[in-house]
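Colleague:
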Amino acid sequence: MMATHRFGALGSPTRIPTVLTAGFRFFFLSAGIFSVFAMLAWTVWLGVHAAGGTFISTPMAMAPHLWHAHEMVFGYTAAVIAGFFVTAVPNWTGTKEAGSLFVIASGTVWLAGRFAIWFSNSIDPVIVAAVDLAFVPVLSTAVLGRLARKSQARNMVFLALLTALLTGNLMMHLEWIGWTDDTAQAGVRMGIFTSTAMIAIIGGRVVPAFTRNALLRAGYQGSLPVSRVWLDRAGILLVLLTALAFLPFVPEVLRGGLCLAAGLVTLLRLAGWQGWAARKEPILWILHAAYLLLGFGYLVYGVTLLTGEYSETAALHLLAAGAIGSMTLAMMTRASLGHAGLPLKVSKPIVLAYVLLIAAALVRSFGLGALGYFETMLLSGGLWIVAFGLYVGVYFPILTTPRTRK
5 MMATHRFGAL GSPTRIPTVL TAGFRFFFLS AGIFSVFAML AWTVWLGVHA
55 AGGTFISTPM AMAPHLWHAH EMVFGYTAAV IAGFFVTAVP NWTGTKEAGS
105 LFVIASGTVW LAGRFAIWFS NSIDPVIVAA VDLAFVPVLS TAVLGRLARK
155 SQARNMVFLA LLTALLTGNL MMHLEWIGWT DDTAQAGVRM GIFTSTAMIA
205 IIGGRVVPAF TRNALLRAGY QGSLPVSRVW LDRAGILLVL LTALAFLPFV
255 PEVLRGGLCL AAGLVTLLRL AGWQGWAARK EPILWILHAA YLLLGFGYLV
305 YGVTLLTGEY SETAALHLLA AGAIGSMTLA MMTRASLGHA GLPLKVSKPI
355 VLAYVLLIAA ALVRSFGLGA LGYFETMLLS GGLWIVAFGL YVGVYFPILT
405 TPRTRK
């Protein structure tokens, strides 16, 4: 279906696809489709090598594992962040939501970045960097302008986090261009920990609030979610510091200590939010599960850095695939329903997607002890693909048709 809006140089009526009329529609749908593509490409590459084959060449200039890491953080996750901010910031500030022109422009920049990275073997690396790095500044224009017009001091932290996300991406490109040595790995980790910091801050607001509201509507007679100001502030400070800890020259022992502290405080915050009482509502328990993976992921990663007794990349995926993957899927499935004017009830295929996604993260993080490397990677990747395939299949009509009028 199509939605009619006035758009064009002469102001003539032009029919614009509904998916381009709101940031959440375009970016949430694009994120889901791209997630399936990116993980499928990665698992195909792994599968060929598992079978003893090899690729003569690849379209991307960087090593495939770095392409995979970059695109899941600065491609998929960045798209979800964009969809969230373009939709949420106008609600926070009482300002007008970005229109189709911005969605089309920013979406084009995001897509250009994906194509530039994919075909980077045939493009000058400076041009690849310029195209890919343009997205966050474009997104920030929609955020900064609205926050600047209202008293939004506590939300200005997100501009700092967007800057950190851009910095992590820049660190990767600087190594690929050849201007620095060994900054790509630190850059992707900075991107991951910046994303988890956003999850910790935003989740710390919405998870207890959504849970409280749902329990009150259901007539729940037990204890309601409790947030303690000092604990919330400590949690926010620690997750911000963990993101900054991946700047060059920060000692690994300090990173590990910060991750341990962030994990403990995150779990203490979660303990007061009555997650068990929300166990019968998938759209709620997935939020609690994602926050649990966040706290647990920080702890496991911190212990890994300090002891060296576990695989650092496996521990990292508990945060990347587990916390980021499950929270982004949770927010996309919930926000899409709300903004499309539909009841906040997810279908059985989406419940299955939640379970499969959590399983994918756990297999990737802990499967190596029981399975071989390729078996672990292919099973985890397959579970991820099915989970997001279910999301795309269910939400494609929701995100491409006009809002339901109540």
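Position in the sequence shown counted from 1, then plus 4, gives you my numbering.
Glycine included, every Cβ here is placed at the ideal spot set by N, Cα and C.
If you're wondering where the values come from, they're calculated on a predicted model, not measured in any experiment.
Going by the CB atoms, is the gap between I328 and V40 shorter than 8 Å?
Modeller: Result no, Cβ atoms of V40 and I328 do not sit closer than 8 Å.
Colleague: Over the uninterrupted alpha helix (DSSP H) stretch that includes L288, give me the two end residues.
Modeller: Segment 286-311, the alpha helix (DSSP H) holding L288.
Colleague: When we look at the beta-carbon of A247 and count the other beta-carbons within 10 Å, is it buried (16 or more) or exposed?
Modeller: Looking at its Cβ environment, which holds 16 or more other Cβ atoms inside 10 Å, A247 is buried.
Colleague: Go through its chain and collect everything with a Cβ distance to L382's Cβ below 8 Å, but skip five positions before and after it.
Modeller: So the qualifying residues of the chain are T47, L50, G51, A54.
Colleague: P406 to G223, Cα distance in whole Å?
Modeller: Their backbone Cα atoms lie some 33 Å apart in a straight line.
Colleague: Cutting at 7 Å between CB atoms, please list the residues of its own chain near L24, excluding the five before and the five after it.
Modeller: Taken in chain order, the residues that qualify are F30, S104, V107, I108.
Colleague: How should W114 be labelled, buried or exposed, when 16 other C-beta atoms within 10 angstroms of its C-beta is the threshold for buried?
Modeller: Buried: at least 16 other Cβ atoms inside 10 Å.
Colleague: Under 8 Å by Cβ, that's how I've got V90 and G191 pegged, so tell me the actual separation to the nearest angstrom.
Modeller: So it is not a contact: roughly 25 Å between Cβ atoms.
Colleague: Tell me the residue span of the alpha helix (DSSP H) that contains V233.
Modeller: From DSSP, the alpha helix (DSSP H) with V233 extends over 233-248.
Colleague: Tell me whether P141 sits in a helix, a strand or coil according to DSSP, three-state version.
Modeller: DSSP places P141 in helix when its eight states are reduced to three.
Colleague: Which value, in whole angstroms, describes the spacing of the CA atoms of A168 and G117?
Modeller: Taking the straight line joining both Cα atoms gives about 18 Å.
Colleague: Counting along the chain, where does the alpha helix (DSSP H) carrying Y80 start and finish?
Modeller: First-last for Y80: undefined, no H or E at that position.
Colleague: Under a three-way DSSP split, which group does I127 fall into?
Modeller: I127 falls in the coil class under three-state DSSP.
Colleague: Go through its chain and collect everything with a Cβ distance to T187's Cβ below 6 Å, but skip five positions before and after it.
Modeller: Once the five neighbours on either side are set aside, the close Cβ partners of T187 are M175, L178, E179.
Colleague: Decide if W280 is buried, meaning its Cβ has at least 16 other Cβ atoms within 10 Å, or exposed.
Modeller: Per the 10 Å Cβ criterion, exposed.
Colleague: Label H74 either buried or exposed according to how many other C-beta atoms from any shown protein chain fall within 10 Å of its C-beta, with 16 as the threshold for buried.
Modeller: H74 is buried by the Cβ-count criterion.
Colleague: Would you call A275 buried or exposed, if buried means 16 or more other Cβ atoms sit within 10 Å of its Cβ?
Modeller: Looking at its Cβ environment, which holds fewer than 16 other Cβ atoms inside 10 Å, A275 is exposed.
Colleague: Would you call the segment 297-313 and the segment 247-262 touching, i.e. three or more CB-CB distances under 8 Å?
Modeller: Judged by Cβ distances under 8 Å, the segment 297-313 makes contact with the segment 247-262, as three or more pairs qualify.
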